[in-house]
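Asker:
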Amino acid sequence: MANEFLSVKNIARQALPRLIENLVFPNLIYRDYSEAFEDGKGATIQVRKPVVLTASDFDSSLGVSAQDVKEKSVEVTLDKLATVDAEFGAIARATSVDDLNRLFIEPAAAALAEKINDDGLKLAYDIPYCIGTAGTTPDGLDDFAAAAKVLDDHKVPTNRRRGVWNPAAMSLFRQIGAIVNANKSGATEALRAGSIGDIFGLENYMSQGVAVNGANTGAGTVKIDLSAGYAAGTKQIHVDGVSTALAAGDNLKIGNYLYKVASAGELSTADQDITLTYGLVEAVADNADVTLVAANTVNNLVFHEAAFAFVTRPLAAPAGVESYTTSHNGISLRVTRGYDMQYKKEMISMDVLYGYKTMYPEMAVRVLG
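The numbering of the sequence shown is the numbering used here, which starts it at 32 and goes up by one.
1. Using 10 angstroms around the beta-carbon of residue 331, count the other beta-carbons present and answer buried if the total reaches 16, otherwise exposed.
2. Less than 9 Å separating the beta-carbons of residue 151 and residue 56?
3. Report yes or no: do the region 192-200 and the region 160-177 share at least 3 C-beta pairs separated by less than 8 Å?
4. Run the CB neighbour count on residue 338, radius 10 Å, all protein chains shown included, and call it buried at 16 or more, exposed below.
5. Measure the alpha-carbon distance for residue 137 versus residue 269 and round it to whole angstroms.
6. Label residue 327 either buried or exposed according to how many other C-beta atoms from any shown protein chain fall within 10 Å of its C-beta, with 16 as the threshold for buried.
7. For residue 383, which three-state DSSP category applies?
8. Tell me, to the nearest whole angstrom, how far the beta carbon of residue 364 is from that of residue 43; I am working on the premise that it is less than 8 Å.
9. Can you grab the Cα-Cα spacing for the pair residue 106 / residue 176, in whole Å?
10. With residue 296 and residue 263 assumed to form a contact (beta carbons below 8 Å), what rounded beta-carbon distance in angstroms separates them?
11. If you reduce the DSSP assignment to three classes, tell me which class residue 260 lands in.
12. Can you list the beta strand (DSSP E) stretches of 3 or more residues lying completely in the region 300-344, in chain order?
13. Are the CB atoms of residue 194 and residue 334 within a distance shorter than 9 Å?
14. Residues in its own chain within less than 8 Å of residue 225 by CB, not counting five upstream and five downstream?
15. Does DSSP put residue 170 in a helix, in a strand, or in coil?
16. Beta-carbon within less than 8 Å of residue 390's beta-carbon, same chain only, minus the 5 sequence neighbours each way: which residues are those?
17. Would the region 275-289 count as touching the region 298-318 if we require 3 or more Cβ pairs under 8 Å?
18. Can you give the Cα-Cα distance for residue 349 and residue 356, rounded to whole angstroms?
19. If I'm right that residue 135 touches residue 113 with Cβ under 8 Å, what's the distance once you round it to whole angstroms?
20. Between the beta-carbon of residue 181 and the beta-carbon of residue 162, is there less than 9 Å?
21. In whole angstroms, give me the CA-to-CA distance for residue 70 and residue 368.
22. Return the CA-CA distance between residue 272 and residue 352, expressed in angstroms with no decimal places.
23. Spell out whether any CB of chain C is found under 9 Å from the CB atom of residue 302.
24. To which residues of the same chain is residue 240 closer than 6 Å at the C-beta, ignoring the five residues directly before and after it?
25. Between which two residues does the alpha helix (DSSP H) containing residue 202 stretch?
26. Leaving out five residues before and five after residue 325 in sequence, what residues of the same chain have Cβ atoms less than 8 Å from its Cβ?
27. May I have the straight-line CA-CA distance separating residue 179 from residue 321, to the nearest angstrom?
28. Assuming residue 192 contacts residue 232 under a Cβ cut-off of 8 Å, what Cβ separation, rounded to an integer in Å, is found between them?
29. Below 8 Å on the Cβ atoms is my guess for residue 50 versus residue 362; work out the distance and round it to an integer in Å.
30. Roughly how many angstroms lie between the CA atoms of residue 303 and residue 385, to the nearest whole one?
31. When you compare each of 230, 294, 275, 305 to residue 256 by their alpha carbons, which one comes out closest?
32. Who are the Cβ neighbours of residue 359 in its own chain at under 8 Å, not counting the five residues just before and after it?
33. Should residue 242 and residue 155 be called a contact, given that it needs their Cβ atoms to be closer than 9 Å?
34. Taking just the CA atoms, how far does residue 266 sit from residue 108?
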């Protein structure tokens, strides 16, 4: 008789709590979940943005001015399908729940959590606001204060502010005397393990998945070329003085803000047209400096919970195979067992369908390192 604990239902129910414990970033941001099943990657759904209201002074001569409390929706594509697939043979030889955890559940849950965290922290590239210096690891209380000031200047609510730092920054922070005895906090064991407590109103956590810039193809400083400059919101700009062509994925600093190249035209006599992933935050004048942000720059992230959304939906069971989907606390996980006809192997798969969305970029700031 087959071991009952090897059923996909039991595997899924044991794996989901371990997955949730290993998640960091999704536990710190706004989450949208529904019980509606999706067939797979690529579905586009409407998600309600968190409501943001503004407080103002009461003027007795004018009376109150009511704000329109209206929920706005944005489209989010469930474009991520994290999966761990393994041959079932070794797993089937497990003789106890401990064996099953060691062979598949624990490593699969950890791998899924790592990918989900990494994907979410790449939302840093949606944020134009930055402090710090590329190549210099944040190491002092002034870094917390400067990040908090950016949020203060943008009138971000003071509650539910979080910071996610790479291991190098967290190591230096842990050596600051004022932080050594900070109370640790967090919703799960994974959060408590990475937390250094509340510093200047920021709850702080460590993650190995903090986004790091890839190699730039361009080099040096170029100039924006247009007699009247470019207005705020412009995404397509022209640069000159380019020695090596810019390419999609390059990271730029224009004025005080960070941008990423979405696409680039051909380099022609040191001139090139480029399209940014989002529009200019402020207007720029002709011949403004455009500086390439160095490769391997770390993008630590400080943000309010409402800045980003993590969206999940349960996956429908494939036809003709054994499959089970379980959900808890806004996270859904599917385990499927089937047979690969091409390679004549019995396989087991654990997967999660999700998408991320930047809701309010002004509620976040990058801390370069």
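We treat Cβ as the ideally placed atom computed from N, Cα and C, and that holds for glycine.
Answerer: Walking through what the data contain:
1. buried
2. By the CB criterion at 9 Å, residue 151 and residue 56 fall inside the cutoff.
3. As far as the Cβ criterion goes, the region 192-200 touches the region 160-177, which means the pair count is three or higher.
4. buried
5. 50 Å
6. exposed
7. strand
8. Residue 364 to residue 43, Cβ: 6 Å. Contact.
9. 34 Å
10. Not quite, the Cβ-Cβ distance comes to about 22 Å (not below 8 Å), so this is no contact.
11. coil
12. 303-307, 320-323, 330-335, 339-343
13. yes
14. Any answer about residue 225 is weak, because its pLDDT of 47 lies below 50 and its placement is not dependable; what the coordinates show is given next. If we look at residue 225 and ignore the five residues flanking it on each side, its Cβ neighbours are 55, 201, 217, 236, 237, 238.
15. Residue 170 falls in the coil class under three-state DSSP.
16. The residues are 61, 80, 81, 105, 337, 338, 339, 340.
17. yes
18. 11 Å
19. Actually they are not in contact, since the Cβ atoms of residue 135 and residue 113 sit about 15 Å apart, beyond 8 Å.
20. Contact: yes.
21. 17 Å
22. 59 Å
23. Looking for chain C here will not work: only one protein chain is present.
24. 148, 149, 152
25. 198-204
26. 165, 166, 244, 247
27. 26 Å
28. Yes, they are in contact, since the Cβ atoms of residue 192 and residue 232 sit about 6 Å apart, within 8 Å.
29. 7 Å
30. 36 Å
31. Closest option to residue 256, Cα to Cα, is 305.
32. 47, 48, 51
33. yes
34. Spanning the alpha carbons of residue 108 and residue 266 requires a straight line of approximately 22 Å.
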